[in-house]
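Undergrad: Mind looking over this structure? Questions follow.
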Amino acid sequence: PLLPVRGGGGGGSGMAVWTRACKAGLLELLLRERWVRVAAELSGEALSLTAEPGGGEAAVLNGVVNGNAEAAPGCVRRVRVVKAEAGGLGISIKGGRENRMPVLISRIFPGLAAERSGALRLGDAILAVNGVDLRDATHDQAVQALKRAGREVILEVKFMREVTPYIKKPSLVSDLPWEGAAPQSPSLSGSEDSGSPQHQGPRDRKVIPLKMCFAARNLSMPDLENRLIELHSPDSRNTLILRCKDTATAHSWFTALHANITALLPQVLAELNAMLGTGGGGGAAAGGREVKHIAWLAEQARLDGGRQQWRPVLMAVTEKDLLLYDGMPWTRDAWASPCHSYPLVATRLVHSGSGRRSPALGSELTFATRTGSRQGVEMHVFRVETHRDLSSWTRVLVQGCHAAAELIKEVSVGCTLGGQEVQLSIHYEGGFTICREEPGGSVLFRYPYERLKMSADDGIRTLYLDFGGPEGELALDLHSCPKPIVFVLHTFLSAKVTRMGLLA
Numbered sequence: 033p034l035l036p037v038r039g040g041g042g043g044g045s046g047m048a049v050w051t052r053a054c055k056a057g058l059l060e061l062l063l064r065e066r067w068v069r070v071a072a073e074l075s076g077e078a079l080s081l082t083a084e085p086g087g088g089e090a091a092v093l094n095g096v097v098n099g100n101a102e103a104a105p106g107c108v109r110r111v112r113v114v115k116a117e118a119g120g121l122g123i124s125i126k127g128g129r130e131n132r133m134p135v136l137i138s139r140i141f142p143g144l145a146a147e148r149s150g151a152l153r154l155g156d157a158i159l160a161v162n163g164v165d166l167r168d169a170t171h172d173q174a175v176q177a178l179k180r181a182g183r184e185v186i187l188e189v190k191f192m193r194e195v196t197p198y199i200k201k202p203s204l205v206s207d208l209p210w211e212g213a214a215p216q217s218p219s220l221s222g223s224e225d226s227g228s229p230q231h232q233g234p235r236d237r238k239v240i241p242l243k244m245c246f247a248a249r250n251l252s253m254p255d256l257e258n259r260l261i262e263l264h265s266p267d268s269r270n271t272l273i274l275r276c277k278d279t280a281t282a283h284s285w286f287t288a289l290h291a292n293i294t295a296l297l298p299q300v301l302a303e304l305n306a307m308l309g310t311g312g313g314g315g316a317a318a319g320g321r322e323v324k325h326i327a328w329l330a331e332q333a334r335l336d337g338g339r340q341q342w343r344p345v346l347m348a349v350t351e352k353d354l355l356l357y358d359g360m361p362w363t364r365d366a367w368a369s370p371c372h373s374y375p376l377v378a379t380r381l382v383h384s385g386s387g388r389r390s391p392a393l394g395s396e397l398t399f400a401t402r403t404g405s406r407q408g409v410e411m412h413v414f415r416v417e418t419h420r421d422l423s424s425w426t427r428v429l430v431q432g433c434h435a436a437a438e439l440i441k442e443v444s445v446g447c448t449l450g451g452q453e454v455q456l457s458i459h460y461e462g463g464f465t466i467c468r469e470e471p472g473g474s475v476l477f478r479y480p481y482e483r484l485k486m487s488a489d490d491g492i493r494t495l496y497l498d499f500g501g502p503e504g505e506l507a508l509d510l511h512s513c514p515k516p517i518v519f520v521l522h523t524f525l526s527a528k529v530t531r532m533g534l535l536a
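Just so you know, the sequence shown maps onto residues 33 to 536 in my numbering.
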């Protein structure tokens, strides 16, 4: 079992450090659109995948061929395949009369009709399609027969073991791309087995460093059987899909992978802050701000037609900012170029808990952020993988916003009040000050927070403040969207209330 140990924060303030899980077993790996059997071995820092002898798509795993019953060679089988409304039959073929070979199934695409039928395998010769004999057909004639077959397809097939050498077996080393590992970890970024004792004969093996990988489920590939695990590379360019024999096994492997990745986060934070540290001029690259928390999660993206999907995104929280990246920023230049950068003092957490949508996929754990910007309110919805992650991000963001308020102390903005140029200052301790814009300008109004009766804005350029004074409601023209200053005001008030102990 995974047990918390005493110590610092795993990946940021408030996160527990977990013991690292070690695990080994047989899994299936999606490789070149085929499922291949692999021996998986999980250590504290890496996942090793070794191809099993004969572990191609036709291999048997727990008495199952590619998740389906094995076919005996030489027997003619009649297979009914029903296509879904979207997607075709889901096979590729080789051979034909001109190649002096039968028409052979050379590839079965995961998730499509042929694989779902559970009755086809690599090396099956297609003898007939819906009664059309293909024994003497050319490759093109076979392709056309399959295209004309309609939604319900009746295939007569016979497994021919002698032709399987013509169907290339995937190689883990050459066919599984995996880049984006930390530059400081070259010993774990290769495909060879140089770090372990010598084995008799060559081994098809791949070692995946876990540092800053993203373990997820139901993200990039539908998982109706709930037995897939996704592992995304630190640069987010490659994704590895593993299939387990059942739901319980998938949960066990995912929990172990997630725990080991989480346990590496304190090391990542230390390396990142050292790279961005004040020594050697790094403070300029980091803005002089310590990175408090960094981890992968999923962001909701809206597609054309109102459809939604989740995509991996890396979130980092510093003393003052919330940063979003497409991939792990291992260098100062990469760190200085986030996809989005939001000041924490103008950001708030607006939802945290179980999602209400997609009940078939289980209860999604989501939270949302809203940031006041010159373009208006920018909102992001994020999904995490565990309840612990959700509570951790909730704590990191709320505490981070409040800490940023105490650190920044004051914000000021030029505006127009009653036809004269003024400056509005909001101080974390002192409250509101409105003074004339010119140097040494006299103070027109000064009010503490407790005098504020009402605040509002038009979402365009005007901020309304009412302190109950004789001047009545103040309409301040900020010359741009008022949302940034509105959100800062909210953060200051929230931080002050929390500090006073009025919020749990």
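Beta carbons are placed, not taken as given, at the ideal position from N, Cα and C, and that holds for glycine.
My output table needs one value for Leu58: the three-state DSSP class, helix, strand or coil.
TA: By one-based count along the sequence shown, residue 58 stands at place 26. Three-state result, Leu58: strand.
Undergrad: Here's a check: name, in chain order, each residue in its chain whose Cβ is nearer than 6 angstroms to the Cβ of Gly119, leaving out the five neighbours to either side.
TA: Stepping through the sequence shown from its first residue, residue 119 is reached at position 87. These residues qualify, in order along the chain: Leu144.
Undergrad: Comparing alpha-carbon positions, which option in Arg153, Leu154, His290 and Lys352 lies nearest Arg420?
TA: Counting from one through the sequence shown, the residue named residue 420 turns up at place 388. Taking only the C-alpha atoms, the option nearest Arg420 is His290.
Undergrad: Take Arg415 and list the residues in its own chain whose beta-carbon comes closer than 6 angstroms to its own, dropping the five residues that flank it on each side.
TA: Reading the sequence shown from its first residue, position 383 is the one you call residue 415. Hits under 6 angstroms: Ala330, Trp342, Glu396 and Thr398.
Undergrad: Give me, in chain order, the residues of the same chain whose beta-carbon lies closer than 6 angstroms to that of Ala436; leave out the 5 immediate sequence neighbours on both sides.
TA: Working through the sequence shown from its first residue, we reach residue 436 at position 404. Within the same chain, Ala436 has close Cβ partners Lys352, Leu376 and Val377.
Undergrad: Nearest to Trp328 by CA position, among Arg321, Gln340 and Val345, is which residue?
TA: The sequence position of residue 328 within the sequence shown is 296, counting from 1. It is Val345.
Undergrad: What three-state label does DSSP hand Leu393 in the structure shown?
TA: As a first step, residue 393 must be located in the sequence shown, where it is residue number 361. Residue confidence for Leu393 is low, a pLDDT of 42 falling below 50, so the modelled location carries little weight; the figure read from the coordinates is stated next. Looking at Leu393 - three-state DSSP - the assignment turns out to be helix.
Undergrad: In chain order, what are the residue ranges of uninterrupted beta strand (DSSP E) at least 3 long that sit wholly in the stretch 460-529?
TA: List check, beta strand (DSSP E) in window: 463-468, 475-479, 486-489, 494-498 and 506-509.
Undergrad: Comparing C-alpha positions only, which one of Met192, Glu84, Cys447 and Phe519 sits nearest to Arg153?
TA: On the sequence shown, residue 153 is found 121 positions in, with the first residue counted as 1. Here the closest residue by C-alpha is Met192.
Undergrad: Report the option in Leu439, Ala160 and Leu79 whose CA atom is closest to the CA atom of Val111.
TA: Within the sequence shown, residue 111 is the residue found at index 79, counting from 1. With distances taken between Cα atoms, Val111 lies closest to Ala160.
Undergrad: Can you tell which of Leu456, Ala368 and Leu497 has the C-alpha that lies nearest to the C-alpha of Ser475?
TA: Within the sequence shown, numbered from 1, the residue matching residue 475 stands at position 443. Note on residue identity: the sequence assigns Val, not Ser, to residue 475. Selected option, being the one with the closest Cα: Leu456.
Undergrad: Can you tell me whether Asp278 is helix, strand or coil according to DSSP?
TA: Taking the first residue of the sequence shown as position 1, residue 278 is located at position 246. Coil.
Undergrad: What does DSSP give as the partner residue(s) for Asp353 in the beta ladder?
TA: Against the sequence shown, residue 353 aligns to sequence position 321. Per DSSP, Pro375.
Undergrad: Residue range of the beta strand (DSSP E) that Ser444 falls in?
TA: Along the sequence shown, one-based indexing puts residue 444 at 412. Run containing Ser444: Glu442 to Leu449, per the beta strand (DSSP E) assignment.
Undergrad: What's the gap between the Cα of Cys54 and the Cα of Pro480?
TA: Locating residue 54 in the sequence shown gives position 22, where the first residue counts as 1. Locating residue 480 in the sequence shown gives position 448, where the first residue counts as 1. Whole-angstrom Cα-Cα distance: 57 angstroms.
Undergrad: Identify every residue that forms a DSSP beta bridge with Glu262.
TA: Taking the sequence shown and counting its residues from 1, one reaches residue 262 at position 230. Answer by DSSP bridge pairing, in chain order: Ala248 and Ile273.
Undergrad: Report the three-state DSSP secondary structure of Met307 (helix, strand or coil).
TA: Position 275 of the sequence shown, counted from the first residue, corresponds to residue 307. Helix.
Undergrad: Taking Glu482 as the reference, give the member of Val520, Gly446, Leu525 and Ser444 with the closest Cα.
TA: Here residue 482 refers to the residue found at position 450 of the sequence shown. Selected option, being the one with the closest Cα: Leu525.
Undergrad: Flag this pair as touching only if the stretch 508-515 and the stretch 483-495 have three or more C-beta atom pairs under 8 angstroms; answer yes or no.
TA: Because the criterion of three Cβ pairs below 8 angstroms is met, the stretch 508-515 and the stretch 483-495 touch.
Undergrad: Would you check if there are 3 or more beta carbon pairs closer than 8 angstroms linking the stretch 429-445 to the stretch 363-372?
TA: The stretch 429-445 is not in contact with the stretch 363-372.
Undergrad: Are the beta-carbon atoms belonging to Arg269 and Trp67 less than 8 angstroms from one another?
TA: The residue you call residue 269 lines up with position 237 of the sequence shown. The residue you call residue 67 lines up with position 35 of the sequence shown. No, the pair does not count as a contact, with Cβ atoms beyond the cut-off.
Undergrad: Helix, strand or coil for Glu184? Go by DSSP, reduced to three states.
TA: Here the question's residue 184 lines up with position 152 in the sequence shown. The answer is strand: DSSP assigns Glu184 an E or B state.
Undergrad: Could you tell me which of Ala174, Ala527, Arg249 and Gly472 sits nearest to Trp285, measuring between CA atoms?
TA: Counted from its first residue, the sequence shown places residue 285 at position 253. The option with the nearest alpha carbon to Trp285 is Arg249.
Undergrad: DSSP three-state label for Gln407, please.
TA: Working through the sequence shown from its first residue, we reach residue 407 at position 375. The answer is coil: DSSP assigns Gln407 none of H, G, I, E or B.
Undergrad: Between the Cα of Met307 and the Cα atoms of Pro254, Val323 and Asp336, which residue gives the shortest distance?
TA: Here residue 307 refers to the residue found at position 275 of the sequence shown. When only C-alpha atoms are compared, the closest one is Val323.
Undergrad: Could you say which of Ile326, Ile273, Cys107 and Glu60 lies nearest to Gly155 if we only look at CA atoms?
TA: The count along the sequence shown starts at 1 and reaches residue 155 at position 123. Ranking the options by Cα distance to Gly155, first place goes to Cys107.
Undergrad: According to DSSP, simplified to helix, strand and coil, what is Lys179?
TA: Position 147 of the sequence shown holds residue 179. Residue state, collapsed to three classes: helix.
Undergrad: Checking the sheet assignment: what are the DSSP bridge partners for Lys126?
TA: As a first step, residue 126 is located in the sequence shown; it is residue number 94 there, counting from the start. Bridge partners of Lys126: Leu136.
Undergrad: Can you grab the Cα-Cα spacing for the pair Lys441 / Gly472, in whole Å?
TA: Within the sequence shown, the letter at position 409 stands for residue 441. Within the sequence shown, the letter at position 440 stands for residue 472. Straight-line Cα distance between these residues: approximately 21 angstroms.
Undergrad: Relative to the alpha-carbon of Pro209, which residue among Lys238, Gln176 and Met486 has its alpha-carbon at the smallest distance?
TA: Locating residue 209 in the sequence shown gives position 177, where the first residue counts as 1. Taking only the C-alpha atoms, the option nearest Pro209 is Lys238.
Undergrad: Out of Leu256, Ala333, Leu62 and Glu303, which has the shortest C-alpha to C-alpha gap to Arg364?
TA: The residue given as residue 364 occupies position 332 in the sequence shown. Comparing Cα-Cα distances from Arg364 to each of Leu256, Ala333, Leu62 and Glu303, the minimum goes to Glu303.
Undergrad: Taking the straight line between their C-alpha atoms, what separation do you get for Phe477 and Arg380?
TA: The residue labelled residue 477 in the question sits at position 445 within the sequence shown. The residue labelled residue 380 in the question sits at position 348 within the sequence shown. Phe477 and Arg380: Cα-Cα distance of roughly 28 angstroms.
Undergrad: Output the boundary residues of the beta strand (DSSP E) element that contains Trp328.
TA: Sequence index remark: in the sequence shown, residue 328 carries index 296 (1-based). Its beta strand (DSSP E) spans residues Val323 to Arg334.
Undergrad: Buried or exposed for Ala116, going by 16 or more other Cβ atoms inside 10 Å?
TA: Within the sequence shown, numbered from 1, the residue matching residue 116 stands at position 84. The residue in question, Ala116, is exposed, as its Cβ has fewer than 16 Cβ neighbours within 10 Å.
Undergrad: Straight-line CA distance for Cys467 to Val409?
TA: Here residue 467 refers to the residue found at position 435 when the sequence shown is read from its first residue. Here residue 409 refers to the residue found at position 377 when the sequence shown is read from its first residue. For Cys467 and Val409, the distance between alpha carbons rounds to 28 angstroms.
Undergrad: From the DSSP output, in three-state form, read off Thr418 for me.
TA: For the purposes of this step, residue 418 is taken as the residue at position 386 of the sequence shown. The answer is coil: DSSP assigns Thr418 none of H, G, I, E or B.
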